[in-house]
Structure formats: structure tokens, C-alpha cells
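> In this note's numbering, the protein residues as written are 29 to 623. Right, I'll just put the structure down here and ask away after.
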Amino acid sequence: MRMSLLFSQTLREAPAEAQSEGYAHLVRAGYVRQMATGIFSILPLGKRVQQKIEAILRDEMNAIGGQELSMPVVLPAEIWKETGRWYSVGSEMARLKDRNQRDLVLAMTHEEAVGDLVRREIRSHRQLPRLIYHIQTKFRDDPRPRAGLIRVREFTMKDSYSLDAGWEGLERQYRAHYQAYFNIFRRCGLPVIAVASDTGMMGGKLSHEFMFLHPIGEDTLLLCASCGYAANRQVARFGKQPEPAQPLMELEKVHTPQTKTIQDLAHFLRIAEHQTAKAVFITARLVDNGEEYERLVMAILRGDTELNETKLANALKARDLRPAREDEILASGAVPGFASPVDLSGVLVVVDELIPHSTNLVAGANEADYHLRNVNYGRDYTANLVADLTAARAGDACPQCAAPLRAERGVEVGNIFQLGSWYSQAMGCTFQDEDGQVRPVIMGSYGIGVGRLIGCLAEAYHDEQGLKLPVSVAPFQVHLVALGGKHSSQPLDYAERLYNDLQAAGLEVLFDDRAESPGVKFNDADLIGLPVRITVSSRTLENGSVEFKLREQTDRTPLPLDQAVVHASSEINRLLAELYNRIKFDPALAGFLDF
RNA sequence: CGGGGUGUAGCGCAGUUGGCAGCGCACCGCGUUUGGGACGCGGGGGUCGGCGGUUCAAGUCCGCCCACCCCGACCA
């Protein structure tokens with residue numbers, strides 16, 4: 029590609045809305061342009077990156093038996109009604125009507141589309157297992173897109189769906205994906221770890237997320253350096269340490285004005301926060317016999333800990349949780365800020381598993397400005413449910429080896445999920461087994477966000493001058509810079525020949541043949557960030573050479589003219605090999621021990 | 001949806017007390033220049049986010065709306 033013909037331009041300054049560094053460089057270098065909040069055009073340079081990533085995705089998916097197909101972006105509402113998600117998914121799903129007023133949706137994921145295909149095609153156990161995938165546009169009307177390509181509304185996703193006759197088959201395909209995903213990220217040069225994640229209520233047994241550790245990430249991960257335990261905070265377990273039990277003491281009401289928070293209370297009574305009980309009110313959407321209803325829930329935690337809403341939702345098998353409104357709390361007879369489960373009825377009480385092991389806690393008295401001392405679970409109140417409700421924090425004990433956990437932020441660039449038969453059953457995806465029995469297809473789903481991956485790569489690979497994407501995903505391999513003034517056409521002529529020779533040798537070349545000053549050309553080369561730069565100028569030609577430079581290094585070396593092509597090829601091969609070795613796949617660190 | 005911020009040329013920004021809409025970069029033409037974002041001369045480009053109001057006069061004051069960014073809620 030000649031830069032004189034390139035569609036995009038580099039920008040000297042990034043637009044003000046480009047906040048994160050990697051994204052600002054993607055914009056300045058001309059890889060992407062934003063059109064609206066969370067909606068982007070991918071320019072030719074970015075498109076080449078995307079195509080390289082997609083080639084890697086196809087390669088690795090095909091290697092584990094994947095068959096590529098293509099499912100529509102616009103889907104009929106009927107199939108979403110069949111699974112119920114037409115009703116349960118909110119406004120993040122874009123809905124539209126066709127000219128005949130039929131309901132349509134923009135696909136935010138493709139389980140329903142897969143279900144519809146599978147029930148038409150799969151009849152026999154002889155047609156299983158199968159693995160299908162596509163690389164397709166998704167639209168999710170996210171309430172808050174942010175950070176450039178990291179969180180968007182329209183995006184391209186590789187999603188694959190495994191179809192098996194039983195759970196053993198699913199397990200095999202799940203593991204195959206687990207390995208394939210590490211291969212993919214390694215080939216792209218993105219360091220990731222796998223963490224255990226929430227399976228929600230879709231009946232899935234197991235789910236992992238592939239995380240790029242970076243402060244820009246929106247997920248908090250808890251990691252153990254000594255045994256490799258790794259989990260999203262939503263599901264992270266940890267070793268809880270009960271305080272030593274004390275002899276039970278008499279309930280005692282104390283006047284505690286202005287102590288609406290645990291901190292105030294502990295300070296006022298001169299006790300530690302772990303000697304208090306905290307009541308958190310949540311309204312849960314529950315399902316019973318297919319009937320949906322709302323219920324006020326009081327979650328009781330030790331005062332020094334925090335509620336993990338995902339754990340609570342899972343413990344309750346709730347569809348949904350939201351903070352309770354003040355009027356709902358008051359209607360239950362509790363007083364916000366001074367609430368307690370003692371002598372309270374009509375509320376679903378869920379206590380953290382630490383509470384039965386904690387004695388003589390201070391809890392609310394359900395009366396403004398009063399608390400109760402020496403509240404004890406079992407004696408003074410009971411619960412509908414005892415469960416792990418506490419959010420793990422940095423420094424908490426690893427649930428496997430008790431070493432202190434570390435907390436880090438991460439971006440979810442991929443996930444793998446054992447769906448089971450939830451969708452098959454909802455949509456009638458069945459097959460006959462060897463015995464003639466009709467059984468539901470066991471499914472798994474596996475996603476990688478392509479644009480988000482590019483966003484992460486830009487964060488991982490840049491410096492002040494610009495991008496420096498790994499050779500496997502860089503839009504071109506060689507940036508050929510021709511310098512030269514009006515007095516001599518010699519450098520440009522030679523560069524033209526070299527351009528042809530490099531391409532003839534199979535290399536991907538971006539040729540800066542513009543009539544720009546050297547500074548402009550070098551700065552653009554740094555900004556676009558191709559791994560290899562070759563400069564031809566009258567100065568280099570004088571001593572029969574060209575100048576060779578790697579983006580990741582500062583030294584420039586002269587190269588005899590006749591060796592330029594061979595040297596560039598071998599350097600690119602070396603960079604590819606080095607990239608593959610740089611990112612180590614360590615199953616233990618990756619969380620493979622979890623299953 | 002709540003809180004905060006910003007909208008002036010393609011990008012970055014200035015615009016005072018309400019009084020001719022500007023600067024740098026980018027772009028076009030001519031010439032000079034060519035190893036780290038060159039220089040000279042000449043040019044083109046504006047619904048000052050939109051609508052309404054106040055005023056002799058609005059980029060500037062008032063009201064409503066919209067878009068974008070950040071924080072939170074949210075995230076199949």
C-alpha cells in the first residue's frame with residue numbers, strides 16, 4: 029500500500045473525547061473513527077488488523093473442529109419469545125418492526141439463532157458432536173459505552189456454539205476451547221489469564237472469562253500468586269475467619285443517635301466493625317412455578333464485610349436484584365440505618381455464613397437512634413437461608429491455600445460457558461440417542477470480542493510515539509520510507525524497486541512515497557507503528573545501503589542493498605517466533621486447576 | 001436513569017463589558033526545502049450543537065432540547 033493513496037490521515041492531536049492512551053493512538057494513526065457513542069467505523073489500517081485477528085480465530089476454531097457459518101444480525105422476535113428473553117432482557121436489546129409490523133431484534137448474541145438452526149438440522153446422535161461458529165456483528169444498547177473500543181454498542185464477535193449428546197462431550201469441547209483461546213491470545217500477543225466467572229441462572233455448570241489485566245478494565249479479579257486461584261470478584265470465594273466465640277450475653281437496647289453507618293456505630297460504641305451486623309435491603313425478582321414476583325430481602329453480613337450481589341442473587345436463584353426503596357423498607361417495619369432481623373416478619377432474611385459463627389453482635393433495634401447489643405443468630409432470630417454473601421477483597425485468604433489474595437482490574441476479552449440444555453429445552457433442540465430416547469442437545473457458548481481485543485492490544489502495545497502492535501496483527505509488516513528531495517529522484521526510484529521486491533517476497537509493505545519532510549514520515553511511521561522500518565535516502569544510497577530499524581528498538585542499522593529483502597523476511601520470522609514464546613501459557617496460573 | 005463536564009473550520013483551542021468570528025495544525029495553488037512534525041507568498045473552508053426568547057445588536061444573556069466525555073446505576 030502506498031501512503032500517497034491511503035484513505036486515512038494521521039492526526040497530530042487526538043480528539044478530546046479519546047481518553048485512554050491506546051485508543052487515542054488508534055484514532056491518531058487512522059485505524060478507527062467514532063461515529064456515535066459506542067459506534068465505530070474501522071478504517072483500512074484497523075480493518076487489516078481485524079482481518080488478521082479473524083484469520084487467527086478461524087485457524088484456531090477450525091483446528092478444534094469448528095465449522096464457520098453466518099447467522100443473521102436481524103432476528104425475528106419469535107425465537108426470543110420462545111426462550112423468554114424477549115421479555116427478560118431490557119432496553120439493551122434493540123427492537124424494531126418491519127413494514128408489516130412484525131417484531132424484530134438486532135442480535136445481541138446468537139443462542140436463539142443457533143437453537144433455531146439446530147432444531148431443524150440435528151435429529152440423531154450420529155450428528156453429534158458438532159461445533160459451529162461465526163464472526164458477526166452484535167448490537168447491545170449499553171447504557172454506558174466507554175474507553176474507546178473497550179466497551180461499545182456495536183461490535184464484531186467470534187461466537188462459537190458446541191453441540192453434544194451429553195455433558196462429557198461438552199466437557200471435551202469446553203476444554204478444547206480453553207486451550208484454543210490461549211493459543212489465539214498468544215498468537216495475537218495479548219497476555220491474558222482465565223478466571224472462574226459467574227454462570228448465572230442459565231443452568232450452566234462452568235464458565236471462565238479470559239482477562240487482560242489492565243487498570244482500564246471494569247472487572248475486579250482476585251488472584252492468588254501462590255496457588256494460581258483466579259476468579260472474578262462476582263464469584264470469588266475466600267477463607268473466612270470467624271472471631272472466637274464468646275459466651276452469649278443478654279440482649280440490651282442502647283441509645284445510638286446519629287449512627288446510620290457501621291463506621292459511625294463502631295466509633296460511637298468504641299467497638300470493632302466486626303462486632304456489628306449489617307443489614308442490606310434488596311428487592312429481588314424471584315420465580316416460583318414459572319410465576320415471577322418481587323420480594324424484599326434483608327441480607328445480614330458482619331459489619332466489616334461487603335455484600336456481593338452476584339452471590340446473593342445466586343443464593344436466592346433470583347432473576348434480578350435491585351436496591352430496595354425506602355418505602356419498601358419502611359413498609360416491612362424496619363427502620364433504615366437501624367434495621368435488624370430481630371422481631372421482624374414478612375421479610376426474606378438471608379445471612380452470610382459467617383454470622384452463625386459470630387456472637388454478641390450489635391445490630392439495629394428497628395427503632396430510630398437505637399441498636400441492640402448481644403444479638404445472636406439462632407437465639408434471637410433465624411434466617412430463611414444461610415449462604416456465602418460476602419465480597420472478597422484484596423488481602424482476604426485464598427480459598428485454596430490461604431495465602432493473601434491480590435485484587436486486579438481486568439478487561440474481559442473472551443469467555444467460555446457451559447450452557448447445558450437450557451436453550452435446547454426452551455427451543456426444542458432434541459435428538460434421538462442410541463436407544464431411541466429423545467434428549468436435549470447439550471450446548472456450550474464461547475465468545476471473543478474482536479474490537480475489544482484490538483482495544484486491549486492498543487493499550488498493551490504503545491509508547492508516547494504511537495502504536496507498536498505485535499507483528500502478527502500489525503496492519504503491515506514493513507514500513508518503507510523513501511526520503512529525497514527534488515534534486516535527486518534516486519532514493520524514490522530505488523524505494524520503488526525495493527517496494528516491489530519486498531512484496532514479491534511475500535511481505536506486507538506500507539510504502540511512504542509521499543512528498544513529505546523526513547520528520548513527518550518518521551513520526552507517522554512511529555505512530556502507525558509497524559514492526560519493521562526500512563529507510564531509503566540519498567545518504568544511505570551513498571554507501572550502498574538502506575537503513576533498518578525495528579519499532580520496538582531505537583538502534584538503526586545500515587544494511588547492504590542486496591540484503592534488504594532477505595533480512596526483512598528473516599527479522600519478521602524472528603519476531604513472530606519471539607512473540608509466540610514471549611507469552612507463556614501456564615495452566616496453573618491460568619486457573620486451569622479449577623476443573 | 002442520577003451527578004459532573006464540554007459543544008466555535010477536519011483536529012486542538014482563544015473569543016474581554018453584548019458591538020465586523022479568530023489562532024495553531026491540517027487542506028488548496030506557486031516557489032524554495034528534504035534524516036525526526038521545514039519556509040515564503042497567495043487562498044479555500046463557519047447554521048459559533050439546535051430551537052425559541054431578551055435586545056437597536058447575541059458566539060457571549062435567559063429557557064428548552066440534542067450530542068459527546070467522565071463518575072455512578074446498569075451490563076445477555
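Idealized CB from N, CA, C, for every residue including glycine. For clarity, every value in this text was computed on a predicted model and none was experimentally measured.
Starting from residue 585, trace the beta strand (DSSP E) both ways and give me its first and last residue.
584-588
> Rounding to the nearest angstrom, what Cα-Cα distance links residue 457 and residue 443 in this structure?
Cα to Cα, the separation comes out at about 23 Å.
> Would DSSP call residue 505 helix, strand or coil?
Reduced to three states, the DSSP call for residue 505 is coil.
> With DSSP as the reference, label residue 601 as helix, strand or coil.
helix
> For the 8 Å Cβ check, are there 3 or more pairs between the segment 303-322 and the segment 332-349?
yes
> My assumption, with CB atoms under 8 Å, is that residue 586 sits in contact with residue 599. Please give the rounded CB distance.
Rounded, the Cβ-Cβ distance is 15 Å, inconsistent with contact.
> Among 272, 588, 454 and 502, which residue has its Cα nearest to the Cα of residue 568?
588
> Between residue 81 and the rest of its own chain, which residues show a CB-CB distance below 8 Å, the 5 nearest in sequence each way excluded?
216, 478, 481, 482 and 501
> Quick check on residue 262: buried or exposed, where buried means 16 or more other Cβ atoms within 10 Å of its Cβ?
Result: buried.
> Please report how far the alpha carbon of residue 375 lies from the alpha carbon of residue 341, in whole angstroms.
16 Å
> For residue 527, count neighbouring C-beta atoms within 10 Å of its own C-beta (all shown protein chains included) and say buried if the count is 16 or more, exposed if not.
buried
> By how many angstroms is the C-alpha of residue 89 removed from the C-alpha of residue 95?
8 Å
> Using the Cα positions of residue 36 and residue 540, report the straight-line distance between them to the nearest angstrom.
Pairing residue 36 with residue 540, the inter-Cα distance amounts to about 13 Å.
> Identify whether residue 128 lies in helix, strand or coil by the three-state DSSP scheme.
coil
> Are residue 328 and residue 422 closer than 9 Å when you measure CB to CB?
no
> Is the Cβ-Cβ distance between residue 104 and residue 76 less than 9 Å?
no
> Is it buried or exposed, residue 465, if we count other Cβ atoms within 10 angstroms and call 16 or more buried?
Flag for residue 465 reads exposed.
> Quick check: the Cα distance between residue 397 and residue 296, rounded to an integer number of angstroms?
12 Å
> Helix, strand or coil for residue 339? Go by DSSP, reduced to three states.
When secondary structure is reduced to three states using DSSP, residue 339 falls in the helix class.
> Could you tell me which uninterrupted beta strand (DSSP E) segments, each at least 3 residues in length, are contained entirely in the segment 466-500, listed from first to last along the chain?
466-468 and 470-477
> In the DSSP assignment, find the unbroken alpha helix (DSSP H) run with residue 547 in it and report its ends.
546-556
> Just to check my reading of the structure: residue 419 and residue 317 have Cβ atoms closer than 8 Å, yes? What is that Cβ distance to the nearest angstrom?
With 8 Å as the limit, residue 419 and residue 317 do not qualify as a contact, their Cβ atoms being about 32 Å apart.
> So, using beta-carbon positions, are residue 220 and residue 260 closer together than 9 Å?
no
> Check residue 522 in the structure and name its three-state DSSP category.
helix
> Residue 157 and residue 135: beta carbons closer than 9 Å?
no
> Which value, in whole angstroms, describes the spacing of the CA atoms of residue 111 and residue 448?
14 Å
> Going by DSSP, which residues form a beta bridge with residue 185?
164 and 477
> How long is the line joining the alpha carbons of residue 384 and residue 414, rounded to whole angstroms?
9 Å
> Which class does residue 345 belong to by DSSP, given the choice of helix, strand or coil?
coil
> Helix, strand or coil: which one does DSSP assign to residue 47?
coil
> Identify which residue in 264, 333 and 307 has its Cα closest to the Cα of residue 326.
Looking at the Cα atoms, 307 is the closest of the given residues.
> Rounded to the nearest angstrom, what separates residue 100 and residue 184 at their Cα positions?
13 Å
> Determine, using beta-carbon pairs with one atom in the segment 114-121 and one in the segment 507-526, whether at least three such pairs fall under 8 Å.
no
> Would a C-beta distance cut-off of 9 Å place residue 339 and residue 463 closer than the cut-off?
No, the Cβ-Cβ distance between residue 339 and residue 463 is not below 9 Å.
> Decide if residue 32 is buried, meaning its Cβ has at least 16 other Cβ atoms within 10 Å, or exposed.
exposed
> Within 8 Å: the Cβ of residue 121 and any heavy atom of the ligand NAD?
This structure simply doesn't include the ligand NAD, nor any ligand for that matter.
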